[in-house]
Every structure is written in C-alpha cells, then in structure tokens.
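Trainee:
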Amino acid sequence: MSTVSTPTQIAPTPGYHPSRIDGLREQHGRLAWLLVLTGLVVLAAGCFLSWSYDPEILGNLSISFNPGSLQLFMLTAAVLALVYALAYRGPLRGLGVWIDSAKALMVLGIGALGFMAITLAVVAVTSSGLINIDPGGWVSLVGSLVLAVGGSLLERRPTKDTLHAQLPAWVEIGTIVVLMAMLLFGAAYALGQTDGNIFGLFLVFVVAVAWSLFAAGFFTWLGIVAQRHRRVLMLGAFAVAFLFPFTQNGSDANMSIATQVLIFAATALGLNIVVGLAGLLDLGYIAFLGAGAYTAATLSTSAFATIGWKPPFLVVVLLGAIVAATLGLIIGTPTLRVSGDYLAIVTLAFGEIFRLSMSNLDGNNGPDLTHGPNGIPAIPDLQIGSFNFGDEHTILGFSLGRFANYYFVLLVLALVIITVFSRLNNSRIGRGWVAIREDEKAAEAMGVNVFGLKLFAFASGAFLAGMAGTVKAHQDVSVTPDQYVFLESAFLLAAVVLGGMGTVAGVFIGATILKLLPEKLRFISDYRLLIFGVLLVLMMRVRPEGIIASQRRQLEFHEEDEALAERIEEVHLEEEAQT
Amino acid sequence: MTVTHSAPAAPPADGGAVILQASGVIMRFGGLTAVNSVDLTVREGEIVGLIGPNGAGKTTFFNCLTGLYKPTEGQVIFNGAVLPPKPRAVVLAGMARTFQNIRLFNNMTALENVMVGRYCRTSSMALTSIFRGPKFRREEAATRARAQELLDYVGLGRSSELLARNLPYGDQRRLEIARALATDPKVLLLDEPTAGMNPQETRQASDLIFKIRDSGIAVVVIEHDMRFIFNLCDRVLCLVRGETLVEGSPTQVQSDPRVIEAYIGTGDDDEDEGAST
Ligand SMILES: Nc1ncnc2c1ncn2[C@@H]1O[C@H](COP(=O)(O)OP(=O)(O)O)[C@@H](O)[C@H]1O
Ligand SMILES: [Mg+2]
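From first to last, the protein sequence lines are chains A and B. To get the working numbering, take the position in the first sequence, counting from 1, and add 518. To get the working numbering, take the position in the second sequence, counting from 1, and add 196.
(1) Kindly list the residues whose CB is nearer than 8 Å to the CB of M311(B), restricted to its own chain and excluding five residues on each side of it in sequence; keep chain order.
(2) Compare the Cα-Cα distances from E544(A) to each of L672(A), G710(A), G965(A) and I636(A) and report the closest residue.
(3) Using alpha carbons as the reference points, say which of A550(A), G858(A) and A562(A) lies closest to A666(A).
(4) Out of curiosity, what's the CA-to-CA distance linking G173(B) and N232(B)?
(5) Nearest CA to the CA of D899(A): which residue from Q993(A), S875(A) and D859(A)?
(6) Using the three-state DSSP reduction, which class does H911(A) fall into: helix, strand or coil?
(7) Along the chain, where does the alpha helix (DSSP H) that runs through Q217(B) open and close?
(8) Use the C-beta contact count for G714(A): other C-beta atoms within 10 angstroms, 16 or more gives buried, fewer gives exposed.
(9) Taking 6 Å as the cut-off, does the CB of K266(B) come closer than this to any heavy atom belonging to ligand 1?
(10) Could you list the residues in the region 944-958 of chain A with a C-beta less than 7 Å from some C-beta on chain B, going in chain order?
(11) Which of helix, strand or coil does DSSP assign to D386(B)?
(12) Could you tell me whether any non-hydrogen atom of ligand 4 is closer than 6 Å to the CB of G270(B)?
(13) Compare the C-beta of R1070(A) with all C-beta atoms of chain B and state if any pair is closer than 7 Å.
(14) Any idea if D886(A) is buried or exposed, counting beta-carbon neighbours within 10 angstroms, 16 or more meaning buried?
(15) Just how far apart, CA to CA, sit T294(B) and L358(B)?
(16) Report buried or exposed for H682(A), applying the criterion of at least 16 other Cβ atoms within 10 angstroms of its Cβ.
(17) Alpha carbons only, please: which of P999(A), F921(A) and G858(A) is nearest the one belonging to T888(A)?
(18) By the 7 Å beta-carbon criterion, what residues does the region 273-291 of chain B contribute toward chain A?
(19) So what does R431(B) bridge to, in DSSP terms?
(20) At least one CB of chain A closer than 7 Å to the CB of P383(B): is that the case?
(21) What residues from the region 847-875 of chain A come within 8 Å of chain B, judged by C-beta to C-beta, listed N to C?
(22) Nearest chain A C-beta to V312(B) closer than 7 Å, yes or no?
(23) Does any residue of chain A bring its CB to less than 7 Å from the CB of C316(B)?
(24) I need the straight-line Cα distance from F257(B) to L228(B), nearest angstrom please.
(25) Pull out every residue of the region 328-345 of chain B whose Cβ sits closer than 8 Å to any Cβ of chain A, in chain order.
(26) Bridge partners for N906(A) per DSSP, in chain order?
(27) What residues of chain B sit near H747(A), judged by a beta carbon separation below 8 Å?
(28) Can you name the residues that DSSP bridges to F274(B)?
(29) Give every residue whose Cβ lies closer than 7 Å to any heavy atom of ligand 2, listed in chain order.
(30) Taking the straight line between their C-alpha atoms, what separation do you get for T281(B) and L971(A)?
(31) Decide if L236(B) is buried, meaning its Cβ has at least 16 other Cβ atoms within 10 Å, or exposed.
(32) Hey, does G794(A) have any beta-carbon neighbour from chain B nearer than 7 Å?
(33) Between the alpha carbons of N772(A) and F907(A), how many angstroms are there, rounded?
(34) Chain B partners of L942(A), CB-CB under 8 Å?
(35) Any idea if F981(A) is buried or exposed, counting beta-carbon neighbours within 10 angstroms, 16 or more meaning buried?
(36) Please give me, in chain order, every unbroken run of the alpha helix (DSSP H) with length at least 4 that falls completely inside the region 574-610 of chain A.
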C-alpha cells in the first residue's frame, strides 16, 4: 500500500477498529488539545476557590486561596495533566514519543471528573443541600469535565516501546526511590485519615493517577526498570516498610491494622507458593495458620494452655511450622493424586475438619487440648530476653508501641517468606513447578518428580503459614476456632488472585487492598463480600493475571496473544544482552 | 549423502549388546487390543524403525515402553533389569522420548525447556535452593551450560531465549529432541519426528538422528515417510492392527508384499506413495 493514500489510518495498536470516536477525533484534533489545556486550567483555578460553604466537611475546603488537602489532590492532577498535554504537543515532545499521553489524559480527566462528582455529592449530602456547594466546586467540576472530553477527543498516536528507552541509571534508580518515598508518605497519610470520606477520595485520586500512568505506559517502563534494578527495589520496599512505624508517633491504631495486613500478606505469600508456583488450588489454607497459632498457644505461658512444656519462642516457631507442615503432608499425600477441582474440594473439607476438631477437643469428646469454642485466651506477649513485646519502647526519640514491636517481627518473617518464595521460584524446583503447570504428562515423561514436587509445595506452604501462625497467636492474645473459618481461606486466595499469582509485590498489594479497605471504609466492611466478589469477577474479565502479573502467568492466560509473547521475548533478549 | 554417512556405521544385526528388550507387550483398552504381543529388541548403536498405518498401535506401544501406560501383559527389560511402568523410573533408567503431537512447555524459553530435561540428572533440593551454597550455583551453571550445549547440538543455539511456542514447527520438533537428550538417555524414542516437515528439514532431521546414533545412543523412530525410514534404519518393524507383520532389514521390509498391501489397504494417499517408493 502506498503511504500517501491513507495518512490518518495508522492503527496504533493491533486489534484496533476505527469507530465513530475516531471520526470525531479526526475532525476535532486541534480543538481537543485546546480543550485539554482549558480544562486543566479551569480545574486548577477552581482549587483556589472555596468548594464548600461548610468548613467542617472533608477537612476545610471553604477558604479561598488556601487549598485544603482534597483541593491539593486536584491541583496535583492538573499539573500531571499539564505534563501529559505538553508531552502531546509542546516542549515535552521528547517524552511524548514514549508515552500515550492522549489516553492518559482521557483517563486522568475521567478520574478527576469522578473525584469532583463524589466530592460535591458528599458535600451536598452531609450538609443537606446542593446550596452548600460553593462556586469553586462547580468550577473544578466543569474543568474536569472539559479535561475528560478533550482527552477523549485527542487523536491517538502510536508510541515507541519503552523497552528501548535508554535512560541513565541514576534516573531509573531515582524514580524508584521517589516512588518508594511517595508510597511511604501516601500510606502514612491514608492511614492517618479518620474521616472515611477523605480516605475514600484519596483512594479515588490515587487510582485515577495510577490508572493514567498505566495508560501512559509508565508502569510497563517501571516493570522493566524494576527488573534491571531488582536489588534497589527490594531494598527500597523494605526501607519503606521498616520506616513506616516511625511515622506513627507511637499510635497503635494504625499499627494494629498494619500488623494485620502484614500477617495476612505473609500468609498469602505462603499460599502463593502453592497456588501461584505449583498451580494447586488450596481452599483450606487457613488451617495451617491455625495449626501454627494453636501450637504457639498451647505452648505459651497462658494459664489456659494445656501443655506444660514452655520452650523458648524460636523453638515454638519451628514447632508450629513443623506441625503445620506435617498436617500438610498428611492431607497432601492421599489427595495430591487428584487434581484441579477435586483437590479444591478436599482441601476445603480439610479446612473445615481442622476448625471443627479445634472446637471439639475440649475434654468432652476427646482430650482437652484446645478448650473447644472458647479457645485459649490470655496468651501473654512475647518476651525475648529482657525485651517485652507488650511494652512501649523508645528508639532514637521515636516511641514504638506494642503493635510496632510485632510489626517488626512480622517484617522479618515476611522477608524470610519472600526469600524462600523467590529462591524456590528461581531454581530447579521452580522450573519443575512451571513444567507441571504447563503440561503435567510431558513433565512426568521428562523425569520430573510430579507428585514429590506437588507435595513439597503443599508442605512448604504449610510450613510458612505455621510460622506466621505462631506470631499471630501472641499478637491476637487469644486463639479461637472461629478465626479460622473457610471465609478466611477464600480471602487469602482472593488476595493472591487479585494481586497476581506467582508474584511477591502483587500479593502484598492484594493483601493490602483486602485487609485495609474494610478497616478504613466502614461501608465496605458491611458489603465486603459483595464488593470483593464483584471485584474478582471484573478482574477475571479484564486482567485475569492479576494487578501485578508474572510474565509466565500472563502468557498462560493469553495463549493466543502473539504480540505479548513476542514482547516478553524481547524483554528476555534485552536482559540477556545486559548480563 | 546421508546414505554414505550411515553405511560404515551400520552394525550387523547382532552387533552390540541388547539394551532394550520388550517381550509379549499387550495393551487392551476395554474390548480393543491396541497392541497385541509385540516383541522388540534394540541393541546399542542401532536405529530401529517402527512403521505401520494410522491406528496400528505404534504410539500406544511407545507409551507402554515409557510407562505412560501400564501394559496389560508383557514386560520391558532395559539394560538387564525389568522396567517398572513409571515414566520417571523409565527416564532415570535411560530411555527418553518425544511426542507425536509436540508437547513442549510452551511458555518457557527453549533453554528452560531443555533445563527441565536435566531435572532428573540433578539433585538440588529445597534447602540447597534456598541457601544457595556453592553446590547450588555450580549445579545451576552446569545445567545451563549443558542445556545450551544441547541446543547448539540440535542447531537451536541461537534460539535459546525464545519462547517454545514462538518457534517454527521444525524447530519445536528439534527442541523436543534436545529436551529428551538432556535426560542423558541410552535409548531415544522418536514419535513421528518429521511429521509436517518440508524435505529440507526432513534431511536435517535424519542427519541429526545419525549424529545422535553415532554418539552412542540407540534410536527407535516411528515414521510414515518411507524414504526417510528405509534410508535411516538398520532394522524396521511393521505393525498392523497391533501385531508385528514383518521385521527385518529395510530392504526385506520394503519388498515384502504384505507391507505394501497393509498400506494400500488403508487407502491413505501419502502412505501409498511412501510405500511404493
Ligand atoms: N487411551 C486410549 N484409550 C482408548 N483407545 C486408545 C487409547 N490410546 C490409543 N487408543 C487406540 O489404540 C489404537 C492405536 O492407536 P495409536 O497407538 O495412536 O496408533 P498409531 O500411533 O500407530 O497411529 C487406536 O485405535 C486408538 O484409537
Ligand atoms: Mg501415533
């Protein structure tokens, strides 16, 4: 085909079909960019005016030329939109070659529109009447609307693959560091919000910005950069997690949530070995956490503990893990010969059997080991040497409360689990697991010990959950059977699937979403099953490989996607060339 | 070219020691007897051909040899010991195979595919893998080096980082051979290694099989392409409806009227063509 015949018909992406919106884009290309500029200026201008008559709502949004935090969010969005707009046409063209600024502007505009709409709705509802919305609010709403329309009408342009972007190493590392710092302060800020509405709106803002960056292709680039500087990323993430308690001024409220998130994430990561790496569906995983917790409780110095032996805590951790792993072997040996759905049913039943056993070992129906439904209360805090985990300690002028102490232990535990996870993944054993997931028969015919590897995945997953359980018992103070219901297993699995099977970062994100949201947003906690169910269904529809996808899983879920396979190959070759 | 290559190395019928001996192998699926008391003897350094019309039971016989099926009757003796019908035991003993319908690990790279083949000859277990001592690193490096060497050997050295599913068809077949070779076999079973290949690729495949044989590995190969098989094999076995019809040198089998009849009887076009050459 000659180049002159259809100059505007270059499809930016494969599988792209021209539609009505493209006609509009063609007609209004020039106008759209001006609309974008107008929109973002109006949006920003509105932020300097009052949004709400009532100063009590959503922080204080009522003072002109003194933006409140929500107004600062929208100002940030406007600045980001300006960067995209100038990358599309203007001094930042160099950047525009790499990023899909048109799409990013559309997403950001829609996000800002949603943010403004919710904000104004909250103002109107809580202060009873639209009348309480000040002109600034309307101005910003209109600005975001114009921005969204302009962004949608911008003509899409093909971009270069960021894989080939050659930036100096310090820029790449700098980006990681800045992102980590933003993560730390973002998390501290979000957890500091007592007003559920502000928390929710902050999330809307974060999602809008992240989504627009995603649309721009920023995260694809970030993924490549993260691969290249894996060490820096790990170190940075750990530094953020480590520093987090120091941002809390000794307050236990948020640290308690953070500890719960961490314990949930650590357990989910153990499950990820079973589900994500070995490809076995385990619906009773919570039982292994319970096994660890019960072991720790019965060996603790609680007055209700039923075993007289009181070994030091490190021994307890090991014992809890061994008990859980043994249970894993007992349940795995007969059942791992069945596959898929059958395994799911058997493990589900096992989880229930564990819970029912724990609530029946009360002396009436067998030995009194667990005190039945009442469980084992009054488990004392951990004491290692002279360091009591129940006390508040002051380090370098920062006071760290009870939950912060447990948080650090759990952080170490999470680190252990991450190490085990990623080292197993990148080894002979990990290759065996992938081979089994790909084609079990062929793997067997090539001499891979299929049954042994499955059993090992099951047992090592159980081992790690058992370890987490021993800490959980002390942190929760009491252990009861109803902490280990099926729903908890389902949530763990949801965290893995939502975050990304076979990845570490994904599971942490999934666990955070699933644990943090219900804590902070009360209205979610009433409908959390419904909301998470819908979320999972949507996820399966649009991105079955999870928020953070492991390359292999992505390939598995998109068997017929040639472009994806070729891209991932390019990444391989690039990496190969670097080493 | 290939003929001259094969001629000097072709051993007399009872040259090397017997490495594989299957006797009276019967495989029944319900009422259907897919393999009916088939005997097969393979000596070291031999290339044995297995021919027969579609549905004759050739693949099923391979499955019985490699433990994917447990034969209803009969036994397989490998290197002097009875082989249990377990795939892993068979591979460990030294017999590896490829599949008629390619079964690669599609989402792994070519190199990783071959590395999986090394699984049974390496031993790093959990703790070694987690603590990453010198043994682990040595073994990983050796596995990688050996896998790359095998890829070079089958002519895929430059494709090592490509995903198996993106390789051209002929390369996928060769990758499967490399993966099987990675298990250090003494006997290699190839199930229709040239199916779907063009003449040039077929020639490369027979060169590769000669090369493998010359490195001391016995090869049993199922094929429909008669020119390929008669040129390649020291001995040919013809199966029809699960039973051995003829066994002998390529010339004997080629000229046997029953073989020609068996193929013509199926009415399959390209097989007729093959048999008549
Ligand atoms: N798993 C099985 N169950 C039932 N019948 C089978 C099975 N595998 C093979 N068969 C039958 O055995 C016969 C031989 O098949 P096969 O060994 O694949 O033939 P070939 O490889 O010679 O073309 C066919 O009739 C086939 O339908
Ligand atoms: Mg066959």
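Backbone N, C-alpha and C fix where the C-beta goes; we use that ideal spot for every residue, glycine too. A quick note: this is a predicted structure, and the numbers were derived from the prediction, not measured.
Mentor: According to the structure shown:
(1) Reading the second sequence from its first residue, position 115 is the one you call residue 311(B). Once the five neighbours on either side are set aside, the close Cβ partners of M311(B) are T339, R340, A343 and A378.
(2) Counted from its first residue, the first sequence places residue 544(A) at position 26. Checked all of L672(A), G710(A), G965(A) and I636(A); the closest Cα to E544(A) is L672(A).
(3) One-based indexing of the first sequence puts residue 666(A) at position 148. Among A550(A), G858(A) and A562(A), the Cα nearest to that of A666(A) is on A550(A).
(4) What is shown of chain B runs 197 to 473, which leaves residue 173(B) out entirely.
(5) In the first sequence, residue 899(A) corresponds to position 381, counting from 1. Ranking Q993(A), S875(A) and D859(A) by Cα distance to D899(A) puts Q993(A) first.
(6) Within the first sequence, the letter at position 393 stands for residue 911(A). Three-state result, H911(A): strand.
(7) As a first step, residue 217(B) must be located in the second sequence, where it is residue number 21. Element bounds for Q217(B): not the alpha helix (DSSP H) but the beta strand (DSSP E), V214 to F225.
(8) The residue given as residue 714(A) occupies position 196 in the first sequence. Exposed is the call here.
(9) In the second sequence, residue 266(B) corresponds to position 70, counting from 1. Checking the Cβ of K266(B) against ligand 1 gives no.
(10) S945, R946, I947, R949, G950, V952, A953, E956 and D957
(11) Here residue 386(B) refers to the residue found at position 190 when the second sequence is read from its first residue. According to the sequence as given, residue 386(B) is Leu; it is not Asp. Note: L386(B) maps to strand in three-state DSSP.
(12) Ligands present in the displayed structure are limited to ligand 1 and ligand 2, and ligand 4 is not among them.
(13) Translated into positions along the first sequence, residue 1070(A) becomes position 552. It does: the Cβ of R1070(A) has a partner Cβ on chain B nearer than 7 Å.
(14) Start at 1 with the first residue of the first sequence, and residue 886(A) comes out as number 368. By the 10 Å Cβ count, D886(A) comes out exposed.
(15) Start at 1 with the first residue of the second sequence, and residue 294(B) comes out as number 98. Start at 1 with the first residue of the second sequence, and residue 358(B) comes out as number 162. The alpha-carbon atoms of T294(B) and L358(B) are separated by roughly 20 Å.
(16) Position 164 of the first sequence, counted from the first residue, corresponds to residue 682(A). Classification for H682(A): exposed.
(17) Taking the first residue of the first sequence as 1, we reach residue 888(A) at position 370. Selected option, being the one with the closest Cα: P999(A).
(18) P283, R284, V287 and L288
(19) Numbered from 1 along the second sequence, position 235 holds the residue referred to as residue 431(B). R431(B) is bridged to V244(B).
(20) In the second sequence, counting from the first residue as 1, residue 383(B) sits at position 187. It should be noted that the sequence gives Val, not Pro, for residue 383(B). Taking Cβ atoms only, chain A never reaches closer than 7 Å to V383(B), which makes this a no.
(21) none
(22) Stepping through the second sequence from its first residue, residue 312(B) is reached at position 116. Yes, because at least one Cβ of chain A sits closer than 7 Å to the Cβ of V312(B).
(23) Translated into the one-based positions of the second sequence, residue 316(B) becomes position 120. Chain A contact via Cβ: present.
(24) By 1-based counting over the second sequence, the position of residue 257(B) is 61. By 1-based counting over the second sequence, the position of residue 228(B) is 32. About 14 Å.
(25) R328, F332, E335, E336 and T339
(26) Here residue 906(A) refers to the residue found at position 388 of the first sequence. The partner list for N906(A) (beta bridge, DSSP) reads Q901(A).
(27) As a first step, residue 747(A) must be located in the first sequence, where it is residue number 229. Residues of chain B passing the Cβ test: none, with the nearest at roughly 20 Å.
(28) One-based indexing of the second sequence puts residue 274(B) at position 78. Its beta-bridge partners are L216(B) and A277(B).
(29) K254(B), T255(B), Q296(B), D387(B), E388(B) and I418(B)
(30) Taking the first residue of the second sequence as position 1, residue 281(B) is located at position 85. Taking the first residue of the first sequence as position 1, residue 971(A) is located at position 453. Note on identity: in this sequence residue 281(B) is Pro, with Thr being the wrong assignment. So the two alpha carbons sit approximately 20 Å from each other.
(31) The count along the second sequence starts at 1 and reaches residue 236(B) at position 40. Buried, since its Cβ has 16 or more Cβ neighbours within 10 Å.
(32) The residue you call residue 794(A) lines up with position 276 of the first sequence. No, G794(A) lies away from the interface with chain B (no Cβ there is under 7 Å from its Cβ).
(33) On the first sequence, residue 772(A) is found 254 positions in, with the first residue counted as 1. On the first sequence, residue 907(A) is found 389 positions in, with the first residue counted as 1. Approximately 17 Å, taken between the alpha carbons.
(34) In the first sequence, counting from the first residue as 1, residue 942(A) sits at position 424. Going along chain B in sequence order, the residues near L942(A) (Cβ under 8 Å) are A322, S325 and I326.
(35) Locating residue 981(A) in the first sequence gives position 463, where the first residue counts as 1. Looking at its Cβ environment, which holds 16 or more other Cβ atoms inside 10 Å, F981(A) is buried.
(36) 587-606
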